[in-house]
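One structure below.
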Amino acid sequence: MTADGRGGGVVARYARSGAIAGAISALAFSGVHHLFISDIWFSAIPMAVAGALCGACVGWTYALLVERRSWPSWLAYNAVYVVLFVLLGAASVAVFDPVTTVAAVIAANAPPGELFARAMPLTVAFVFVAAAAVLVLFGRRWRHYGPLLVTCAVLTGSLGLNVSAIGLVDIPRGSLHLVAELLGLIGVLNAVFVTVFGVIEHRSLRGPALSGS
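Sequential numbering of the sequence shown, starting at 1, is according to the working numbering.
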């Protein structure tokens with residue numbers, strides 16, 4: 001255990017709990033997507049792997065950055081990432097002019113690789129800015145910027161590519177619900193992750209007195 005309460009054992013345990021919670025939340029995401037949008041169970045395994053990787057990174061960096069671990073700090077840490085993705089979408093709309101329509105994207109029935117490539121400068125910039133923002137809010141130790149860069153890169157690669165490309169798509173008012181669905185699904189994914197992780201780590205999230213356990 002280090003002097004600031006961030007023992008390697010705790011960090012490893014939080015990463016493991018994050019991986020479990022991430023995989024479960026990815027499967028829940030698949031279920032919600034199947035019920036309300038379309039069947040994506042064929043990709044459940046790779047999504048579970050991606051979810052586990054994202055969850056491990058979030059649990060890892062939370063344990064690194066936050067000394068007094070508790071439910072409020074855990075909720076706040078995750079909420080910051082959700083807000084950052086919302087801001088990424090807003091930045092995309094502000095920076096880009098549409099080059100295609102939502103109907104064309106849907107008709108293609110494939111990941112819009114060209115749009116992702118066009119949005120890549122914003123996506124990369126977002127990773128660096130998001131990591132710095134989380135560092136300022138929770139860490140303030142520059143040695144943690146590297147782990148945060150890894151976390152933001154993994155999260156953005158898994159969840160943020162569609163968000164960063166929103167501004168490249170002409171979305172009429174009647175189709176704005178698609179943007180709401182995208183952000184809503186990210187919110188559901190995070191809510192399940194936060195809850196499952198909290199169930200696994202309920203003893204260490206009871207309050208500051210147990211933060212170093």
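Built from N, CA and C at the ideal position, the CB exists for glycine as well.
Since we're looking at a predicted model, the values are computed, not measured.
A residue is called buried once 16 or more other Cβ atoms fall within 10 Å of its Cβ, and residue 184, having fewer, is exposed. Comparing alpha carbon positions, the residue from 187, 149, 154, 138 closest to residue 63 is 138. Per the DSSP secondary-structure output, residue 124 pairs with nothing in a beta bridge.
The beta-carbon distance between residue 188 and residue 98, rounded to whole angstroms, is 27 Å. This is too long to meet the 8 Å contact definition. Where residue 103 is concerned, the enclosing alpha helix (DSSP H) starts and stops at 102-108.
Cβ atoms of residue 164 and residue 132 stay farther apart than 8 Å, at about 17 Å. When the beta-carbon positions are compared, residue 56 and residue 18 come within less than 8 Å of each other. Between the beta-carbon of residue 92 and that of residue 122 there is about 6 Å, and that keeps the pair under the 8 Å contact cut. Under the 10 Å beta carbon count, residue 197 is surrounded by 16 or more other beta carbons and is classified as buried. Cβ atoms of residue 144 and residue 75 stay farther apart than 8 Å, at about 20 Å.
Under DSSP, residue 97 takes part in no beta bridge, so it has no partner. Its Cα nearest to that of residue 30, the residue 45 stands out among 110, 45, 81, 203. For residue 66, DSSP assigns no beta-bridge partner whatsoever.
In the DSSP annotation of this structure, the continuous segment of the alpha helix (DSSP H) that includes residue 154 starts and ends at 145-155.
Judged by beta-carbon spacing, residue 166 lies within the 8 Å limit of residue 89, meaning their Cβ atoms are closer than that value. Membership of residue 115 in the alpha helix (DSSP H) is indicated by the continuous run 113-118. Under a 10 Å Cβ-count criterion, residue 69 is classified as buried, with 16 or more other Cβ atoms of the shown protein chains found around its own Cβ. Beta-bridge partners assigned by DSSP to residue 169: 100.
With a 10 Å radius around the Cβ and a threshold of 16 neighbouring Cβ atoms, residue 83 comes out exposed. For the set 26, 72, 127, 161, the Cα lying nearest the Cα of residue 190 is the one of 26.
Excluding the 5 residues flanking it on each side, residue 126 has same chain C-beta neighbours closer than 6 Å at 88, in chain order.
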